[in-house]
Amino acid sequence: MREPIKYLFIWPAFLVVLLIGLFPLIYSLTVSFQSARLVPPRPPRFIGFDNYAALLGEERFWQVITTTSGIVFSSVLVQYVIGFAVALALFSRVPGERLFRVVFLFPMLMAPIAVALVGRMLFHSTVGPVNHFFTVLGLPNLPFLTDANWALGTIVTVEVWQWTPFVILLMLAGLQSLPRDVYEAASLENATPWQQFWGITFPMLLPISAAVVFIRIIESFKIIDTVFVLTGGGPGISTETLTLYAYQEGFKKFNLGYTSALSFLFLIVVIVIGVVYLAVLRPHLEKRA
Amino acid sequence: MRKYLCATASGLTVALGLSGAALACSPDFTGVTLKVGSQTGPFIASAMQAAGESWEQQTCGKVEVVEFPFGELYPKYLTAMVAGEASFDVITFAPAWTPDFAPYLSEMPEKIRGTADWDDIAPVYRDRLMVWNGKHLSQTIDGDLHTLSYRLDLFNDPEEQAAFKAKYGYDLAAPATWDQYYDIAEFFTRPDENLWGTAEAFRRGGQQFWFFFTHAASYTNNPNNPGSMFFDPETMDAQVNNEGWQKALEDYIRSVGFAPPGALNFSSGDIRTAFSGGQVAMNFDWGDTGTIASDKAQSQVAGSVGSALTPGSTQLWNHKTNAWDSFDEPVYSPFMAYGGWQAAVPQAANNVDASWHYVEWASNPDNSGQAAVTGGSGVNPYRFSHFTNLDRWLKTFSEEEAKMYLAAQRGSLEAPNIALDMRLPGYFSYTEVLEIELSKALAGQVSPKEALDTIAEEWNKLTDEFGREDQLAAYRSSMGLPPL
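Chains as they are written, first to last, in our numbering: chain Y, 189 to 477; chain H, 1064 to 1547.
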């Protein structure tokens, strides 16, 4: 039975969602087609796709995309491998497993800015314990935060330290949901633990693995605080990420039109990566289904 | 009779109470709450808080100091002022931001100017940095310029003196030129003793470019061409890639070799720690190195902190002749790095009168004088009276240290060729490209010449984008030059 009154109740919620969810996006999209600056103040002027063209033609934009992608893919890969391995260990009820479960979660519970500060102290060139350890061994001080390659490695390390617990948590939940009878059947067939892992555990956890990696990729693309505290994007712009670049343009230079365009290009990059990722995984996931 | 006495007593009590209240609240700002924006403390925020407490007792108003990380201040202030929001009654900020903030700031009331307290402020602040386009829009609340600090225990050691003279052929003393600075830095660089020659800030986002500017001022702030350090004041062409700047960048990169390991990640805070921890023989910095290193509670070299002007140069680049001008004696060009914190009142403030009264209160000779000698306040001398009351300084410094520190600060302030920091609309756009290219040059990714050429090209592009005529007028104003 059709009751028109029900639309009356739905409309307010619909409008609120529209205002909160879509208006900022539409507004930002509009600004991305304008030359709008707060500093020095310039009245908005429609310039079509000029902001997008300028960005795509800028070497710095492509470099920050490359840097961000490098940090994201390498850190997520390591997080997944270590996270999965630790989850398997915890699932196997190693001694002290309950304590580990709690302790492993600590980094994830900390604010990224605090984690980055811890990282900065650990890898400090003169007072940091990591370099101190190397000095004790008679090795030279390593430029963890001042050489481009070392700095990228340090950022990846800090990311892995903070976010591997997230992978552990979800993979452990996945492991606990697996049916036991499959493993019992495999044991009867004398399948080795290695065969059980590749033949049962890994394929059955593929959907959750895909989801975990996808979430981490999307989240990692937003990285800013760790980089800001550890290196400030330097040396030069060798560790600058997309979000840090957007922050510099938007909140230091107040180049609003340019920053809006940058935000939408950022969105497009993430969507493209997401689509490609799901397209690559789809055959495997469908096979599982 | 009893009733009469009681009534009289009650009347007197009320009258005395009222007059007491009137005395306590002078002027009376009861019910007024001022929101004062500051960077996260203790630097500056603690000074504003301390001034706020005494202001509250004096006026019965309230002061709420709202703190933000330094990097957040500029966007927070600007967005609030552009939107016309009364988020802040008083803002504390860098002079370099004045050009961007100027359209939204109220002018300092006339009654604050022309008093004895007003004349007590060093002219370079009072008549230059507190002024924009002929209007007093802000009040200096901290004096900032770079001075040299050096270890007296090392420099006065007869064995060190003899060894230095034998090696370099002249007496060991505070360096008068940058060549001497590098001789001394080289002499004291002894990794096996955990001692290095100097420390400077090299980290992108760690006050790096002000240290580079101090080097550059010595070679480019030519007294024959006032205001030509950053741009040609006739055409607004960037000067940052001329030979003077190139020499400065080569020097700045050279400093890395005499600094402790990992110095490329040093910000100004790190170099203070390096000096007060006895890790380096000298550094140059804002006045904070002096106050921290002289404080026994914070320093291992307390009692041995010498101060001097930053080195000068006998050769300065002349952009008009495209050649070096030679001078018989070193020309000192102390650089007003950052230029000190300033306080201003946005036009949108809830109570402009009360806000300016608080600003005047916080910066009066007594309150500012106390803040200047309080370690961690972040306030360095900017009034003449700050230099005259030696007793205040002796709470932290030894007498020798205090005299040298004040002489260096005052000598820098009164140096005829003092160099002003860059103040331009779009300041962050200019300094961002500078920081990026400096970092690349320091990391060896590009040569000094390549870095400076890129900066000059980008600065010229920015100038054109923002409007060359407008930027030229703003630059000339910031350098105290008359309009063309």
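Even glycine gets a Cβ: it sits at the ideal position worked out from N, Cα and C. As the structure is a computational prediction, the values presented were derived from the model and not from experiment.
Through-space distance from residue j to residue i, alpha-carbon basis
i, j, result
"Y/SER262", "Y/PHE439", "29 Å"
"H/TRP1349", "H/GLN1361", "17 Å"
"Y/VAL415", "H/TRP1273", "22 Å"
"Y/ASN378", "Y/THR389", "16 Å"
"H/ALA1471", "H/THR1277", "15 Å"
"H/GLN1363", "H/ASP1207", "24 Å"
"H/THR1571", "H/THR1240", "Given a span of 1064 to 1547 for chain H in the structure shown, any question on residue 1571 of chain H remains unanswerable."
"Y/ALA467", "H/ALA1412", "56 Å"
"H/ALA1280", "H/GLY1307", "9 Å"
"H/ARG1539", "H/THR1122", "40 Å"
"Y/PRO200", "Y/PRO212", "18 Å"
"H/GLU1135", "Y/ALA302", "17 Å"
"Y/GLY236", "Y/GLN222", "7 Å"
"H/VAL1343", "H/SER1330", "15 Å"
"Y/MET296", "Y/ALA273", "17 Å"
"H/THR1459", "H/GLN1433", "12 Å"
"Y/MET298", "Y/LYS194", "45 Å"
"H/GLU1148", "H/SER1440", "29 Å"
"H/CYS1069", "H/THR1093", "With a pLDDT of 48 at H/CYS1069, under the threshold of 50, the predicted position of this residue should be treated as unreliable, and no value is reported."
"Y/TRP338", "Y/SER426", "11 Å"
"H/ASP1527", "H/ALA1301", "11 Å"
"H/THR1076", "H/ASP1416", "Low confidence applies here, because H/THR1076 scores a pLDDT of 46, under 50, leaving its location unreliable; read the following figure in that light. One C-alpha to the other measures close to 32 Å."
"Y/VAL346", "Y/VAL417", "11 Å"
"H/TYR1244", "H/GLY1489", "34 Å"
"H/ASN1381", "H/ASN1284", "9 Å"
"H/ASP1242", "H/MET1345", "15 Å"
"Y/ARG248", "H/LEU1544", "36 Å"
Same chain only: Cβ atoms within 8 Å of residue i, ignoring 5 sequence neighbours per side
i, result
"H/ASP1564", "No answer is possible for residue 1564 of chain H: it lies beyond the span of chain H, which begins at 1064 and ends at 1547."
"Y/VAL355", "GLN267, TYR268, ILE270, GLY271, PHE272, ALA275, VAL400, ARG404"
Identity of the residue in the options nearest residue i by Cα
i, options, result
"H/SER1492", "Y/TYR433, Y/ILE461, Y/HIS472, Y/PHE454", "Y/TYR433"
"H/GLY1100", "H/PHE1450, H/ASP1533, H/VAL1422", "H/VAL1422"
"H/PRO1409", "H/ASP1152, H/PHE1131, H/GLY1124, H/ALA1113", "H/ASP1152"
"Y/GLY341", "Y/ILE459, Y/THR419, Y/GLY462", "Y/THR419"
"H/TYR1445", "H/LEU1544, H/ALA1165, H/GLN1405, H/ALA1482", "H/GLN1405"
"H/LEU1464", "H/PRO1479, H/LEU1525, H/THR1354, H/ASP1300", "The amino acid occupying residue 1464 of chain H in the given sequence is Glu; Leu does not appear at that position. The shortest Cα separation from H/GLU1464 among H/PRO1479, H/LEU1525, H/THR1354, H/ASP1300 belongs to H/THR1354."
"H/ARG1486", "H/ASN1443, H/PHE1294, H/MET1171, H/ALA1248", "H/PHE1294"
"H/HIS1199", "H/LEU1235, H/PRO1162, H/ASP1351", "H/PRO1162"
"H/SER1357", "H/GLU1223, H/PHE1164, H/TRP1456, H/SER1169", "H/TRP1456"
"Y/GLU474", "Y/ALA398, Y/LYS441, Y/LEU196, Y/PRO367", "Y/ALA398"
"Y/VAL460", "Y/GLY424, Y/TYR435, Y/PHE402", "Y/PHE402"
"H/ASN1305", "H/ASP1091, H/GLU1513, H/ALA1425", "H/GLU1513"
"H/TYR1167", "Y/VAL227, Y/ALA373, Y/PRO192", "Y/VAL227"
"H/ARG1335", "H/SER1426, H/SER1431, H/LYS1125, H/GLY1438", "H/GLY1438"
Cβ shell of residue i (< 6 Å), same chain only, five flanking positions each side left out
i, result
"Y/LEU430", "VAL252, THR256, PHE454"
"Y/SER448", "SER216, VAL219, SER220"
"Y/VAL464", "none"
"H/LYS1139", "PHE1131"
"Y/ASN443", "ARG225, GLU437"
"H/ALA1085", "Any reading at H/ALA1085 must be qualified, since the residue scores a pLDDT of 47, below 50, and its modelled position is unreliable; no value is offered."
"H/MET1299", "THR1526, ARG1531, GLN1534, LEU1535"
"H/PHE1347", "HIS1209, LEU1211, THR1373"
"Y/TRP349", "PRO295"
Close-in-space but distant-in-sequence residues of the same chain around residue i (CB under 7 Å, 5 per side omitted)
i, result
"H/ASP1246", "TYR1231"
"H/LEU1497", "PHE1272, ILE1518"
"Y/VAL361", "Note that residue 361 of chain Y is Ala in the sequence shown here, rather than Val. Counting only Cβ-Cβ distances below 7 Å, and skipping sequence neighbours, we find nothing."
"H/GLY1375", "ALA1239, THR1240, SER1281, PRO1393, VAL1394, TYR1395, SER1396"
"Y/GLY421", "VAL415, THR427, GLU428, LEU432"
The ligand COA heavy atom lying under 7 Å from the CB of residue i
i, result
"H/ARG1486", "No copy of the ligand COA appears in this structure; indeed no ligand is present at all."
- Query: Should the stretch 1288–1297 of chain H be regarded as contacting the stretch 1223–1236 of chain H, the criterion being three or more beta carbon pairs within less than 8 Å?
  - Reply: no
- Would you check if the stretch 1188–1196 of chain H and the stretch 1516–1524 of chain H touch, i.e. whether three or more CB-CB distances between them fall below 8 Å? no
- the stretch 1322–1337 of chain H touching the stretch 295–314 of chain Y, judged by at least three CB pairs closer than 8 Å: yes
- Query: Below 8 Å, can you find three or more Cβ-Cβ pairs linking the stretch 1202–1216 of chain H to the stretch 1368–1375 of chain H?
  - Reply: yes
- Query: Is the stretch 1499–1516 of chain H in contact with the stretch 1260–1270 of chain H, if contact means three or more CB pairs nearer than 8 Å?
  - Reply: yes
- Task: Can you check the stretch 1143–1169 of chain H for any alpha helix (DSSP H) of at least 4 residues that lies completely inside it and give the ranges in chain order?
- Result: 1161–1164
- Item | the stretch 1174–1188 of chain H contacting the stretch 1090–1110 of chain H, beta-carbon criterion three pairs below 8 Å | no
- Message: Contact between the stretch 1143–1151 of chain H and the stretch 1379–1397 of chain H is defined here as three or more beta-carbon pairs at a separation below 8 Å; is this criterion met?
- Response: no
- Item | 3-residue-minimum beta strand (DSSP E) runs that sit fully inside the stretch 1399–1477 of chain H, ordered along the chain | 1405–1407
- Ignoring anything shorter than 4 residues or poking outside the stretch 1519–1545 of chain H, list the alpha helix (DSSP H) runs there in chain order. 1531–1541
- Counting Cβ pairs closer than 8 Å, one from the stretch 1252–1260 of chain H and one from the stretch 403–410 of chain Y, do we hit at least three? no
- Task: Taking only runs that begin and end inside the stretch 1313–1342 of chain H, name each unbroken alpha helix (DSSP H) of 4 or more residues, in chain order.
- Result: 1331–1339
- What are the start and end residues of each continuous alpha helix (DSSP H) run of 4 or more residues lying completely inside the stretch 1345–1399 of chain H, in chain order? 1351–1356
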